[in-house]
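Colleague:
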Amino acid sequence: MWGYTAVSSIFYFLDQLGYEFFEHVAFPNVFEIEATSLSQKFIVFAHACYLSGYFVYKNKNINITEYRVNIKEGAYLKLSIGATILALLALKTPFSQLSSYLNIFSTICAVKYFGYSLSHRKLIIKGFLYFTTVLLIGFLSGMKESTLFPLIYLGVILYDKYGVKRTSLVFFPLILAYFYFIPTLNGTIREAAWYNNKNAYETLSSLDNSLLLNKEKIRSVNWAFLSTRLSEISMLNRYLESVPARRPYYNLEIYKNGVLSLIPRIIWPSKLSPDITAQQRAIENGALIVNSPYDTTSAKPQTVADAYMSYGYLTVFITFLCYGFLVHTLSHLLEKKLGYDLGLSVLFYSLFSILSRGGCFENLFNTTFYGFVLIFITIHIFKKLNYIEKNPIYLN
(Lines of atoms letter the chains of each structure in order from A and count residues from 1; the text may use other names and numbers.)
(Lines give C-alpha, C1' and ligand atoms only; values in the text may rest on other atoms or scores of the structure.)
Protein backbone atom coordinates (compact mmCIF):
# COMPACT_ATOMS: atom_id res chain seq x y z
CA MET A 1 0.00 0.00 0.00
CA TRP A 2 2.68 2.50 1.00
CA GLY A 3 4.91 1.81 -2.00
CA TYR A 4 1.91 2.46 -4.24
CA THR A 5 0.98 5.66 -2.37
CA ALA A 6 4.53 7.01 -2.49
CA VAL A 7 5.22 6.25 -6.16
CA SER A 8 1.83 7.02 -7.72
CA SER A 9 1.69 10.62 -6.44
CA ILE A 10 4.74 11.61 -8.54
CA PHE A 11 2.55 11.88 -11.64
CA TYR A 12 0.19 14.33 -9.96
CA PHE A 13 3.19 16.34 -8.79
CA LEU A 14 4.57 16.47 -12.36
CA ASP A 15 1.14 17.50 -13.64
CA GLN A 16 1.04 20.42 -11.21
CA LEU A 17 4.57 21.41 -12.29
CA GLY A 18 3.11 21.83 -15.77
CA TYR A 19 4.28 18.60 -17.39
CA GLU A 20 2.40 16.06 -19.49
CA PHE A 21 4.58 12.98 -19.40
CA PHE A 22 8.02 14.62 -19.87
CA GLU A 23 6.90 17.58 -21.96
CA HIS A 24 6.45 20.99 -20.30
CA VAL A 25 3.07 22.33 -21.43
CA ALA A 26 1.91 24.79 -18.74
CA PHE A 27 3.00 27.00 -15.84
CA PRO A 28 3.41 25.41 -12.40
CA ASN A 29 0.43 25.50 -10.04
CA VAL A 30 2.25 26.78 -6.96
CA PHE A 31 -0.81 26.68 -4.68
CA GLU A 32 -1.50 23.00 -5.48
CA ILE A 33 2.18 22.06 -5.17
CA GLU A 34 2.20 23.48 -1.63
CA ALA A 35 -1.01 21.57 -0.83
CA THR A 36 0.53 18.35 -2.18
CA SER A 37 3.61 18.89 -0.01
CA LEU A 38 1.39 19.09 3.09
CA SER A 39 -0.50 15.96 2.05
CA GLN A 40 2.77 14.08 1.63
CA LYS A 41 3.75 15.04 5.17
CA PHE A 42 0.59 13.37 6.46
CA ILE A 43 1.22 10.30 4.30
CA VAL A 44 4.79 9.93 5.61
CA PHE A 45 3.60 10.45 9.20
CA ALA A 46 0.85 7.84 8.76
CA HIS A 47 3.40 5.42 7.30
CA ALA A 48 5.69 5.87 10.30
CA CYS A 49 2.77 5.21 12.68
CA TYR A 50 1.77 2.13 10.65
CA LEU A 51 5.28 0.66 10.86
CA SER A 52 5.46 1.42 14.59
CA GLY A 53 2.22 -0.51 15.11
CA TYR A 54 3.36 -3.36 12.88
CA PHE A 55 6.66 -3.86 14.72
CA VAL A 56 5.36 -3.09 18.22
CA TYR A 57 6.17 -6.67 19.18
CA LYS A 58 8.11 -9.47 17.54
CA ASN A 59 6.54 -12.88 17.11
CA LYS A 60 8.41 -16.12 17.57
CA ASN A 61 9.30 -18.04 14.43
CA ILE A 62 6.54 -20.43 13.37
CA ASN A 63 8.00 -23.93 13.08
CA ILE A 64 4.79 -25.94 13.52
CA THR A 65 1.36 -24.80 12.35
CA GLU A 66 -1.91 -25.60 14.10
CA TYR A 67 -3.24 -27.42 11.02
CA ARG A 68 -1.58 -29.61 8.44
CA VAL A 69 -2.60 -28.70 4.90
CA ASN A 70 -3.57 -31.51 2.50
CA ILE A 71 -4.51 -29.38 -0.52
CA LYS A 72 -2.78 -30.56 -3.67
CA GLU A 73 -1.99 -27.80 -6.14
CA GLY A 74 -4.27 -29.38 -8.73
CA ALA A 75 -7.22 -28.99 -6.35
CA TYR A 76 -7.03 -25.20 -6.66
CA LEU A 77 -9.02 -25.44 -9.90
CA LYS A 78 -11.93 -27.06 -8.04
CA LEU A 79 -11.67 -24.49 -5.27
CA SER A 80 -11.71 -21.64 -7.78
CA ILE A 81 -14.77 -22.94 -9.66
CA GLY A 82 -16.59 -23.76 -6.42
CA ALA A 83 -15.89 -20.28 -5.00
CA THR A 84 -17.19 -18.65 -8.20
CA ILE A 85 -20.45 -20.59 -8.01
CA LEU A 86 -20.88 -19.73 -4.34
CA ALA A 87 -20.16 -16.05 -5.09
CA LEU A 88 -22.97 -15.99 -7.67
CA LEU A 89 -25.36 -17.68 -5.23
CA ALA A 90 -24.40 -15.30 -2.43
CA LEU A 91 -25.55 -12.33 -4.54
CA LYS A 92 -29.12 -13.66 -4.25
CA THR A 93 -29.01 -13.80 -0.44
CA PRO A 94 -28.90 -11.21 2.39
CA PHE A 95 -25.17 -12.07 2.63
CA SER A 96 -24.17 -10.70 -0.76
CA GLN A 97 -20.99 -9.24 0.77
CA LEU A 98 -19.59 -12.79 0.81
CA SER A 99 -19.32 -12.67 -2.97
CA SER A 100 -16.44 -10.17 -2.83
CA TYR A 101 -14.36 -12.45 -0.57
CA LEU A 102 -15.21 -15.48 -2.69
CA ASN A 103 -14.34 -13.74 -5.95
CA ILE A 104 -10.89 -12.78 -4.67
CA PHE A 105 -10.35 -16.30 -3.32
CA SER A 106 -11.43 -17.75 -6.67
CA THR A 107 -9.00 -15.50 -8.55
CA ILE A 108 -6.05 -16.42 -6.32
CA CYS A 109 -6.84 -20.13 -6.70
CA ALA A 110 -7.07 -19.71 -10.50
CA VAL A 111 -3.63 -18.08 -10.60
CA LYS A 112 -2.13 -20.75 -8.35
CA TYR A 113 -3.56 -23.47 -10.60
CA PHE A 114 -2.15 -21.79 -13.70
CA GLY A 115 1.25 -21.52 -12.01
CA TYR A 116 1.03 -25.21 -11.12
CA SER A 117 0.03 -26.18 -14.69
CA LEU A 118 3.19 -24.57 -16.11
CA SER A 119 5.17 -27.47 -14.63
CA HIS A 120 2.80 -30.11 -16.08
CA ARG A 121 2.52 -30.15 -19.86
CA LYS A 122 -0.82 -31.98 -19.92
CA LEU A 123 -2.42 -29.22 -17.84
CA ILE A 124 -0.92 -26.13 -19.50
CA ILE A 125 -3.75 -25.59 -22.01
CA LYS A 126 -6.46 -26.10 -19.39
CA GLY A 127 -4.68 -23.84 -16.91
CA PHE A 128 -4.10 -21.13 -19.52
CA LEU A 129 -7.69 -21.19 -20.78
CA TYR A 130 -9.11 -20.97 -17.26
CA PHE A 131 -6.75 -18.15 -16.29
CA THR A 132 -7.63 -16.29 -19.50
CA THR A 133 -11.33 -16.70 -18.72
CA VAL A 134 -10.80 -15.19 -15.26
CA LEU A 135 -8.99 -12.22 -16.82
CA LEU A 136 -11.74 -11.73 -19.42
CA ILE A 137 -14.48 -11.75 -16.77
CA GLY A 138 -12.48 -9.27 -14.71
CA PHE A 139 -11.94 -7.10 -17.79
CA LEU A 140 -15.67 -7.03 -18.57
CA SER A 141 -16.45 -6.05 -14.97
CA GLY A 142 -14.91 -2.63 -15.61
CA MET A 143 -12.76 -2.87 -12.49
CA LYS A 144 -9.04 -2.49 -13.24
CA GLU A 145 -8.15 -4.34 -10.04
CA SER A 146 -9.90 -7.46 -11.38
CA THR A 147 -7.25 -7.80 -14.08
CA LEU A 148 -4.23 -6.16 -12.46
CA PHE A 149 -4.39 -8.24 -9.28
CA PRO A 150 -4.24 -11.65 -11.08
CA LEU A 151 -1.31 -10.45 -13.21
CA ILE A 152 0.66 -9.25 -10.18
CA TYR A 153 -0.08 -12.46 -8.27
CA LEU A 154 1.00 -14.49 -11.31
CA GLY A 155 4.21 -12.48 -11.42
CA VAL A 156 4.95 -13.40 -7.80
CA ILE A 157 4.47 -17.09 -8.60
CA LEU A 158 6.62 -16.88 -11.74
CA TYR A 159 9.43 -15.08 -9.91
CA ASP A 160 9.46 -17.87 -7.34
CA LYS A 161 9.38 -20.56 -10.04
CA TYR A 162 11.70 -19.16 -12.71
CA GLY A 163 13.77 -16.51 -10.96
CA VAL A 164 14.04 -12.75 -11.38
CA LYS A 165 15.91 -12.52 -14.70
CA ARG A 166 13.81 -14.96 -16.73
CA THR A 167 10.50 -13.73 -15.35
CA SER A 168 11.34 -10.03 -15.77
CA LEU A 169 11.91 -10.50 -19.51
CA VAL A 170 8.23 -11.41 -19.88
CA PHE A 171 6.53 -9.80 -16.90
CA PHE A 172 7.75 -6.20 -17.23
CA PRO A 173 6.79 -5.82 -20.93
CA LEU A 174 3.41 -7.37 -20.08
CA ILE A 175 2.75 -4.88 -17.27
CA LEU A 176 3.91 -1.93 -19.39
CA ALA A 177 1.57 -2.99 -22.21
CA TYR A 178 -1.22 -3.41 -19.67
CA PHE A 179 -0.85 0.12 -18.28
CA TYR A 180 -0.52 1.56 -21.79
CA PHE A 181 -3.84 0.18 -23.06
CA ILE A 182 -5.99 -0.50 -19.97
CA PRO A 183 -7.02 3.09 -19.04
CA THR A 184 -8.55 3.67 -22.49
CA LEU A 185 -10.06 0.20 -22.77
CA ASN A 186 -11.38 0.29 -19.21
CA GLY A 187 -13.10 3.62 -19.79
CA THR A 188 -14.85 2.23 -22.87
CA ILE A 189 -15.90 -0.91 -20.99
CA ARG A 190 -17.36 1.10 -18.10
CA GLU A 191 -19.26 3.37 -20.46
CA ALA A 192 -20.80 0.39 -22.26
CA ALA A 193 -21.46 -1.99 -19.36
CA TRP A 194 -22.08 0.34 -16.41
CA TYR A 195 -23.91 3.27 -17.95
CA ASN A 196 -25.44 1.88 -21.18
CA ASN A 197 -26.33 -1.58 -19.74
CA LYS A 198 -24.80 -3.48 -22.67
CA ASN A 199 -24.24 -7.24 -22.41
CA ALA A 200 -20.81 -8.88 -22.67
CA TYR A 201 -20.96 -9.35 -26.47
CA GLU A 202 -22.10 -5.75 -27.08
CA THR A 203 -19.43 -4.47 -24.70
CA LEU A 204 -16.66 -6.33 -26.52
CA SER A 205 -18.05 -5.18 -29.86
CA SER A 206 -17.60 -1.56 -28.76
CA LEU A 207 -13.83 -2.12 -28.68
CA ASP A 208 -12.71 -1.54 -32.26
CA ASN A 209 -9.19 -1.38 -33.65
CA SER A 210 -9.33 2.37 -34.13
CA LEU A 211 -9.51 2.78 -30.35
CA LEU A 212 -6.21 0.93 -29.93
CA LEU A 213 -4.53 2.79 -32.81
CA ASN A 214 -5.56 6.28 -31.70
CA LYS A 215 -2.27 7.30 -30.06
CA GLU A 216 -3.41 10.81 -29.15
CA LYS A 217 -6.49 9.53 -27.33
CA ILE A 218 -4.44 6.88 -25.51
CA ARG A 219 -1.86 9.50 -24.54
CA SER A 220 -4.41 11.95 -23.09
CA VAL A 221 -6.38 9.23 -21.29
CA ASN A 222 -3.20 7.70 -19.87
CA TRP A 223 -1.98 11.02 -18.48
CA ALA A 224 -5.35 11.73 -16.90
CA PHE A 225 -5.26 8.25 -15.37
CA LEU A 226 -1.69 8.55 -14.08
CA SER A 227 -2.01 12.08 -12.72
CA THR A 228 -5.46 11.89 -11.10
CA ARG A 229 -7.12 8.48 -10.86
CA LEU A 230 -3.98 6.47 -10.05
CA SER A 231 -3.31 8.56 -6.95
CA GLU A 232 -5.84 10.04 -4.52
CA ILE A 233 -3.50 12.73 -3.27
CA SER A 234 -5.48 15.44 -5.09
CA MET A 235 -8.53 14.47 -3.01
CA LEU A 236 -6.46 14.47 0.18
CA ASN A 237 -5.45 18.05 -0.68
CA ARG A 238 -9.13 19.06 -0.69
CA TYR A 239 -9.80 17.40 2.69
CA LEU A 240 -6.83 19.19 4.27
CA GLU A 241 -8.03 22.51 2.86
CA SER A 242 -11.59 22.01 4.09
CA VAL A 243 -11.04 20.59 7.60
CA PRO A 244 -10.97 22.37 9.99
CA ALA A 245 -10.87 25.71 8.08
CA ARG A 246 -14.35 25.40 6.56
CA ARG A 247 -15.76 22.33 8.27
CA PRO A 248 -14.99 21.36 11.93
CA TYR A 249 -13.26 18.07 12.71
CA TYR A 250 -15.59 15.08 12.65
CA ASN A 251 -14.25 13.80 16.02
CA LEU A 252 -15.73 10.29 16.54
CA GLU A 253 -18.44 10.56 13.85
CA ILE A 254 -16.52 8.67 11.14
CA TYR A 255 -15.44 5.97 13.61
CA LYS A 256 -19.12 5.66 14.64
CA ASN A 257 -20.08 5.18 10.99
CA GLY A 258 -17.47 2.43 10.74
CA VAL A 259 -18.86 0.61 13.77
CA LEU A 260 -22.48 0.99 12.58
CA SER A 261 -21.50 -0.56 9.24
CA LEU A 262 -20.91 -3.85 11.11
CA ILE A 263 -24.64 -4.27 11.77
CA PRO A 264 -26.03 -6.68 9.13
CA ARG A 265 -28.73 -5.23 6.88
CA ILE A 266 -30.93 -8.23 7.69
CA ILE A 267 -31.12 -6.86 11.27
CA TRP A 268 -31.23 -3.18 10.28
CA PRO A 269 -33.00 -3.00 6.88
CA SER A 270 -33.07 0.82 6.81
CA LYS A 271 -29.31 1.15 7.34
CA LEU A 272 -27.74 3.66 4.97
CA SER A 273 -25.27 2.27 2.48
CA PRO A 274 -21.70 2.73 3.75
CA ASP A 275 -20.80 4.05 0.30
CA ILE A 276 -23.39 6.82 0.66
CA THR A 277 -22.19 8.01 4.07
CA ALA A 278 -18.56 7.91 2.93
CA GLN A 279 -19.24 9.70 -0.35
CA GLN A 280 -21.13 12.41 1.51
CA ARG A 281 -17.85 13.41 3.19
CA ALA A 282 -16.21 13.72 -0.22
CA ILE A 283 -19.03 15.97 -1.45
CA GLU A 284 -19.26 18.27 1.57
CA ASN A 285 -15.49 18.84 1.59
CA GLY A 286 -15.16 19.55 -2.13
CA ALA A 287 -13.24 16.39 -3.05
CA LEU A 288 -16.13 15.32 -5.30
CA ILE A 289 -18.27 17.69 -7.34
CA VAL A 290 -21.70 16.27 -8.24
CA ASN A 291 -23.24 18.22 -11.11
CA SER A 292 -26.72 16.65 -11.02
CA PRO A 293 -28.77 14.02 -9.14
CA TYR A 294 -28.04 11.65 -12.02
CA ASP A 295 -24.26 12.07 -11.84
CA THR A 296 -22.69 8.58 -11.55
CA THR A 297 -19.26 9.78 -10.42
CA SER A 298 -18.16 8.01 -7.26
CA ALA A 299 -15.44 8.86 -4.74
CA LYS A 300 -14.80 7.98 -1.12
CA PRO A 301 -12.07 9.15 1.30
CA GLN A 302 -8.99 7.02 1.78
CA THR A 303 -7.96 5.85 5.27
CA VAL A 304 -5.49 8.68 5.85
CA ALA A 305 -8.15 11.24 4.86
CA ASP A 306 -10.77 9.82 7.26
CA ALA A 307 -8.16 9.63 10.03
CA TYR A 308 -7.13 13.26 9.48
CA MET A 309 -10.69 14.60 9.29
CA SER A 310 -11.49 13.04 12.67
CA TYR A 311 -9.01 15.13 14.66
CA GLY A 312 -5.82 15.83 12.73
CA TYR A 313 -2.44 14.39 13.69
CA LEU A 314 -3.78 12.76 16.87
CA THR A 315 -6.30 10.52 15.11
CA VAL A 316 -3.86 9.79 12.26
CA PHE A 317 -1.39 8.57 14.91
CA ILE A 318 -3.94 6.37 16.73
CA THR A 319 -5.56 5.02 13.54
CA PHE A 320 -2.36 3.94 11.81
CA LEU A 321 -0.74 2.60 14.96
CA CYS A 322 -3.78 0.30 15.28
CA TYR A 323 -3.74 -0.37 11.53
CA GLY A 324 -0.16 -1.68 11.61
CA PHE A 325 -0.82 -3.75 14.73
CA LEU A 326 -3.94 -5.24 13.12
CA VAL A 327 -2.15 -6.25 9.91
CA HIS A 328 0.65 -7.87 11.91
CA THR A 329 -1.77 -9.72 14.19
CA LEU A 330 -4.04 -11.05 11.43
CA SER A 331 -1.18 -12.17 9.18
CA HIS A 332 0.55 -13.91 12.10
CA LEU A 333 -2.71 -15.60 13.14
CA LEU A 334 -3.29 -17.06 9.67
CA GLU A 335 0.32 -18.16 9.27
CA LYS A 336 0.26 -19.80 12.70
CA LYS A 337 -2.90 -21.72 11.86
CA LEU A 338 -2.41 -22.66 8.19
CA GLY A 339 1.16 -21.84 7.24
CA TYR A 340 2.55 -19.37 4.75
CA ASP A 341 1.24 -20.79 1.46
CA LEU A 342 -2.43 -21.27 2.38
CA GLY A 343 -2.66 -18.94 5.36
CA LEU A 344 -0.88 -15.87 4.01
CA SER A 345 -0.60 -16.07 0.23
CA VAL A 346 -4.18 -17.31 -0.23
CA LEU A 347 -6.46 -16.56 2.73
CA PHE A 348 -4.94 -13.33 4.04
CA TYR A 349 -5.32 -11.60 0.69
CA SER A 350 -8.72 -13.18 0.09
CA LEU A 351 -10.15 -11.94 3.38
CA PHE A 352 -8.12 -8.78 4.01
CA SER A 353 -7.23 -7.39 0.59
CA ILE A 354 -8.61 -4.02 1.72
CA LEU A 355 -5.77 -3.79 4.25
CA SER A 356 -3.25 -3.76 1.40
CA ARG A 357 -4.84 -0.73 -0.29
CA GLY A 358 -6.84 1.03 2.46
CA GLY A 359 -10.31 2.54 2.17
CA CYS A 360 -12.91 4.66 3.92
CA PHE A 361 -13.63 3.72 7.54
CA GLU A 362 -17.04 2.22 6.71
CA ASN A 363 -15.56 -0.28 4.24
CA LEU A 364 -12.39 -0.83 6.26
CA PHE A 365 -14.20 -1.67 9.51
CA ASN A 366 -16.84 -3.82 7.82
CA THR A 367 -14.59 -5.83 5.53
CA THR A 368 -11.91 -6.45 8.17
CA PHE A 369 -14.36 -7.51 10.90
CA TYR A 370 -16.22 -10.01 8.74
CA GLY A 371 -12.95 -11.20 7.24
CA PHE A 372 -11.84 -12.09 10.77
CA VAL A 373 -15.09 -14.02 11.35
CA LEU A 374 -14.61 -15.83 8.05
CA ILE A 375 -11.19 -17.13 9.13
CA PHE A 376 -12.84 -19.58 11.51
CA ILE A 377 -15.72 -20.42 9.16
CA THR A 378 -13.21 -21.17 6.38
CA ILE A 379 -11.12 -23.37 8.67
CA HIS A 380 -14.27 -25.32 9.62
CA ILE A 381 -15.21 -25.81 5.95
CA PHE A 382 -11.68 -26.90 5.04
CA LYS A 383 -11.75 -29.47 7.85
CA LYS A 384 -15.05 -30.86 6.54
CA LEU A 385 -13.54 -31.13 3.05
CA ASN A 386 -10.45 -32.86 4.49
CA TYR A 387 -8.20 -30.15 3.11
CA ILE A 388 -6.69 -29.57 6.55
CA GLU A 389 -6.35 -31.60 9.73
CA LYS A 390 -5.35 -30.78 13.26
CA ASN A 391 -1.61 -31.09 13.81
CA PRO A 392 -1.15 -33.53 16.71
CA ILE A 393 2.22 -32.06 17.72
CA TYR A 394 1.08 -28.41 17.64
CA LEU A 395 1.84 -26.50 20.83
CA ASN A 396 0.03 -23.24 21.66
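If you number the sequence shown the way the numbering used here does, the last residue is 422 and the count never jumps.
Yeah, the Cβ is synthetic: ideal placement off N, Cα and C, and Gly gets one too.
Just so you know, these numbers come straight off a predicted model, no measurement behind them.
I need the straight-line Cα distance from Ala116 to Lys67, nearest angstrom please.
Modeller: 42 Å
Colleague: Looking only at its own chain, which residues have a Cβ that is under 7 Å from the Cβ of Asn311, when we skip the five neighbours before and after it?
Modeller: In its chain, beyond the 5 residues on either side, Arg264, Tyr265, Ser268, Val269 and Arg273 have a beta carbon closer than 7 Å to the beta carbon of Asn311.
Colleague: Would you mind sorting Lys5 into buried or exposed? The rule is 16 or more other CB atoms within 10 Å of its CB.
Modeller: The chain is shown only over 27 to 422; residue 5 falls outside these bounds and no answer can be derived.
Colleague: With DSSP as the reference, label Glu99 as helix, strand or coil.
Modeller: Three-state result, Glu99: helix.
Colleague: Pick out whichever of Lys241, Phe402, Asn283 and Glu92 has its Cα sitting closest to the Cα of Tyr420.
Modeller: Glu92
Colleague: Figure out for me which residue from Gly384, Asn417, Ser371 and Leu174 has the closest Cα to the Cα of Asp186.
Modeller: Ser371
Colleague: From the DSSP output, in three-state form, read off Tyr93 for me.
Modeller: strand
Colleague: From the DSSP secondary-structure annotation, give me the bridge partner or partners of Glu415.
Modeller: Arg94
Colleague: As a quick exercise: from Glu99, Lys363 and Ser78, pick the residue whose alpha carbon is nearest that of Thr415.
Modeller: Correcting the residue identity first, residue 415 is Glu in this sequence and not Thr. Of Glu99, Lys363 and Ser78, the residue nearest in Cα terms is Lys363.
Colleague: Taking the alpha carbon of Leu105 as the reference point, which residue from Arg307, Leu114 and Leu128 has its own alpha carbon closest?
Modeller: Leu128
Colleague: For the putative contact between Ala109 and Cys135, defined by C-beta atoms under 8 Å, what is the C-beta separation to the nearest angstrom?
Modeller: 7 Å
Colleague: By Cβ distance, which residues of its chain are closer than 7 Å to Leu332, with the 5 residues on each side in sequence left out?
Modeller: Before going further, note that residue 332 is Asp rather than Leu in the sequence given. These residues qualify, in order along the chain: Ile280, Cys386 and Phe387.
Colleague: If you compare alpha carbons, which of Phe351, Leu43, Lys243 and Val190 is closest to Tyr83?
Modeller: Phe351
Colleague: Considering only residues of the stretch 331-416, which uninterrupted alpha helix (DSSP H) runs meet the minimum length of 4 residues and lie entirely inside it, listed in chain order?
Modeller: 339-364, 380-383 and 387-410
Colleague: Given that a residue counts as buried once 16 or more other Cβ atoms are within 10 Å of its Cβ, and exposed if not, what is Arg383?
Modeller: Exposed is the call here.
Colleague: Applying the criterion that 16 or more other CB atoms from any shown protein chain within 10 Å of the CB defines a buried residue, is Leu373 buried or exposed?
Modeller: buried
Colleague: Can you name the start and end residues of the alpha helix (DSSP H) that Phe279 belongs to?
Modeller: The sequence given here has Glu at residue 279, not Phe. Residues Glu279 to Leu286.
Colleague: If you check the beta carbons only, do Ser336 and Asn248 fall under 8 Å apart?
Modeller: No, Cβ-Cβ distance for Ser336 and Asn248 is not below 8 Å.
Colleague: Please state the DSSP three-state secondary structure of His73.
Modeller: helix
Colleague: Between which two residues does the alpha helix (DSSP H) holding Gly164 run?
Modeller: Its alpha helix (DSSP H) spans residues Arg147 to Leu166.
Colleague: Could you pull out every residue in the same chain whose Cβ sits closer than 8 Å to the Cβ of Phe53, ignoring the five residues on either side in sequence?
Modeller: Gly44
Colleague: For Gly369, I'd like the list of residues in its chain whose CB is within less than 7 Å of its CB, leaving aside the five on either flank, ordered along the chain.
Modeller: Leu360, Glu361 and Lys363
Colleague: Does the distance from the CB of Phe140 to the CB of Tyr156 come in under 8 Å?
Modeller: yes
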